[in-house]
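Chains as they are written, first to last, in this note's numbering: chain A, 0 to 347; chain G, 3 to 298.
What follows is a short report on a single structure.
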């Protein structure tokens, strides 16, 4: 179910993030969780963000949604939601945020078990979301809520409205959360690892559901995952993040067939191959601390293409010669197809 | 080949059924505490409200012919005091004052303290700092001394006693609620609610409050007992209800000179305090168990 590479460049941009930095003041020092991230989501596009745990994916999403705790966060850069003109969302007032969240930008979270209020029924919370940004009569709201539950594939929705979250399974909860997020028909849905805590079969169902809903409604979506397999299944375009920076960006097909950054290549190599037994490959070492960021390329200590220049000089995202495909690596020319891909195509 | 510990499906079913029955029993037992407490308090409230029907005497009319009659004297079930007033009558009428304090004083402090803590905890940062320092200042004074000071300043009366309790005992609720709120606001469902564009008030009252209210509600039951004892203490010190008003603490205070010769003057109102205290304590325990069971 590989997504067709859509004409991502053709759609008008919906959300543009330029040079976003989110630094968190903690007891140990300043954590540079997001360090100069730029990205754009176009109309009706699914953008994937992939990377290891702790590389800034979640902080990026929460900064875009304005959900980071204000006391410890310091941001710079620009987040522009185009239907609302040129205003930088980082400067939005609480009232502006309330109008924007839910109705324009919505988010679903990693762990569906904790994302619903445990002491209120599913129906109560869904009705609250339905009524939050629209004036509906009681009966209309009820009908819309039941329709939403039906749409996300919850059987006997009218009866399940009266259930409490603990009476739902993980997959059902994630479906209910998707229904709540879509209650006010947002233009952009941020899905922060929506399938991570679910088992593989449910994972697949939820992804198909998200894809289906995206195609029905024409909304845009940012799908965050540490699982490259999930991303390649669903996304039109992919951003690879490492240590708070974007290291590679391009169309999904280009990225998985011809990665131009050693980190992306290593991620692809780490995917278990079908019909191939043996040791699982992993990437040696761990991501650098985001408090004391090393000079030079942040991936250099773990990179097998590393040179002396890499250790002392960092680079910007460089065009790799292909359309819309950029990588933050001096040596992007030296990086071939991933071994896994080569082996896969050899045997085919 | 089966080993000793491996159970057949029917065994498993039976064990599960036994466990389920045990659980049902323990739920009933938990409810029992609450029910007994509610029944005791209900009887107390009814008796106090129906005082004119239950007893025919007046709580303040003195009868010089029958002072210090012991309990079980005809017409005086619990005896009379030094002025010949019927003690049962006085306890029933006095209960109106004490129960009014238990409910009135506690309800106001519960609501105010809860809102204060909720807002402080949710806002966080500098606002939280300022709001909580106010709480610290009130906490810094010894509780009883502060109340005595306020009552002494305003003049001893039941209404002033209410004011003194309102001014001082909300701080405990604020502290508890603030701590609960700080924990709850980091929960993902609060983040999710904010991500849906709900207003601050909605997030506070519809998402955080229902998850945090149990602690303050349970505490309020303990506090209600505390307030009755406080009212009795202030009455005893002459700062609460004024004679001849039949407040329990005042009755105990009045009777202290006779404690060695006519024990019932002190013991009977004392038992009334104990009775109401136990009923509130049982309700508090029962509620705590019930709410905790609901969380599991």
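Built from N, CA and C at the ideal position, the CB exists for glycine as well.
It should be emphasised that the depicted structure is a prediction, and the values quoted were computed from it without experimental measurement.
Query                                                                                                                                                                     : Result
With a 10 Å radius around its C-beta and 16 neighbouring C-beta atoms as the bar for buried, classify residue 318(A) as buried or exposed.                                : exposed
Can you pull the chain A neighbours of residue 201(G), defined as C-beta to C-beta under 8 Å?                                                                             : 97
Should the stretch 38-50 of chain G be regarded as contacting the stretch 269-282 of chain G, the criterion being three or more beta carbon pairs within less than 8 Å?   : yes
On the three-pair Cβ rule with 8 Å, is the stretch 138-155 of chain G touching the stretch 199-214 of chain G?                                                            : no
Nearest-angstrom Cα distance between residue 56(G) and residue 99(G)?                                                                                                     : 17 Å
Got a sec, what are the start and stop residues for the beta strand (DSSP E) residue 17(A) sits in?                                                                       : 12-25
Reducing DSSP to helix, strand and coil, say where residue 122(G) ends up.                                                                                                : helix
Using a 10 Å radius around the Cβ and a threshold of 16 neighbouring Cβ atoms, would you call residue 109(A) buried or exposed?                                           : buried
For the pair the stretch 156-167 of chain A and the stretch 72-90 of chain A, tell me if three or more CB-CB distances fall below 8 Å.                                    : no
Here's a check: name, in chain order, each residue in its chain whose Cβ is nearer than 6 Å to the Cβ of residue 80(G), leaving out the five neighbours to either side.   : 73, 89, 90, 270
Output needed for residue 21(A): all residues of its chain with C-beta closer than 7 Å, excluding positions within five of it in sequence on either side, in chain order. : 32, 33, 58, 62, 67, 72, 74
Determine the burial state of residue 256(A): buried for a count of at least 16 other Cβ atoms within 10 Å of its Cβ, exposed for fewer.                                  : exposed
Cutting at 8 Å between CB atoms, please list the residues of its own chain near residue 6(A), excluding the five before and the five after it.                            : Unreliable placement is indicated for residue 6(A), whose pLDDT of 43 sits below 50; no coordinate value is reported for it.
Under 8 Å, do residue 250(G) and residue 44(G) count as touching if we go by C-beta distance?                                                                             : no
Exposed or buried, which one is residue 50(G) when buried takes at least 16 other CB atoms within 10 Å?                                                                   : buried
Per the contact definition of three or more C-beta pairs closer than 8 Å, is the stretch 220-237 of chain A in contact with the stretch 186-200 of chain A?               : yes
Residue 223(G) to residue 263(G), Cα distance in whole Å?                                                                                                                 : 36 Å
8 Å is my cut-off, CB to CB: does residue 116(A) come that close to chain G?                                                                                              : yes
Against chain B, with Cβ distances strictly below 8 Å, would residue 190(A) count as a contact?                                                                           : Going by chain labels, chain B is absent from the structure shown, which instead holds the protein chains A and G.
From residue 317(G) to residue 53(G), what distance separates their C-alpha atoms?                                                                                        : Residue coverage of chain G in this structure runs from 3 to 298, which leaves residue 317(G) outside it and unanswerable.
Please report how far the alpha carbon of residue 236(G) lies from the alpha carbon of residue 69(G), in whole angstroms.                                                 : 26 Å
Report the option in 253(G), 221(G), 156(G), 15(G) whose CA atom is closest to the CA atom of residue 239(G).                                                             : 253(G)
With a cut-off of 8 Å, does the C-beta of residue 20(G) fall near any C-beta of chain A?                                                                                  : no
Hey, residue 152(A) and residue 201(A) are a contact pair by Cβ (cut 8 Å); roughly how many whole angstroms apart?                                                        : Not really, about 11 Å apart at Cβ, beyond 8 Å.
Using a Cβ-Cβ cut-off of less than 7 Å, give me the residues of the stretch 121-138 of chain G that come near chain A, in sequence order.                                 : 126, 127
From this set, 129(A), 254(A), 249(A), which residue's C-alpha is nearest residue 323(A)'s C-alpha?                                                                       : 249(A)
Can you list, in chain order, the residues of the stretch 70-104 of chain A whose Cβ is nearer than 9 Å to any Cβ on chain G?                                             : 70, 93, 94, 96, 97, 98, 99, 100, 101, 102, 103, 104
Here's the rule I'm using: 16 or more other beta-carbon atoms within 10 Å means buried, otherwise exposed. How should residue 56(A) be labelled?                          : buried
In three-state DSSP terms, what is residue 49(A)?                                                                                                                         : strand
Counting contacts by CB-CB distance shorter than 8 Å, is residue 299(G) in contact with chain A?                                                                          : Chain G is shown from 3 up to 298; residue 299(G) falls before or after that span and cannot be answered.
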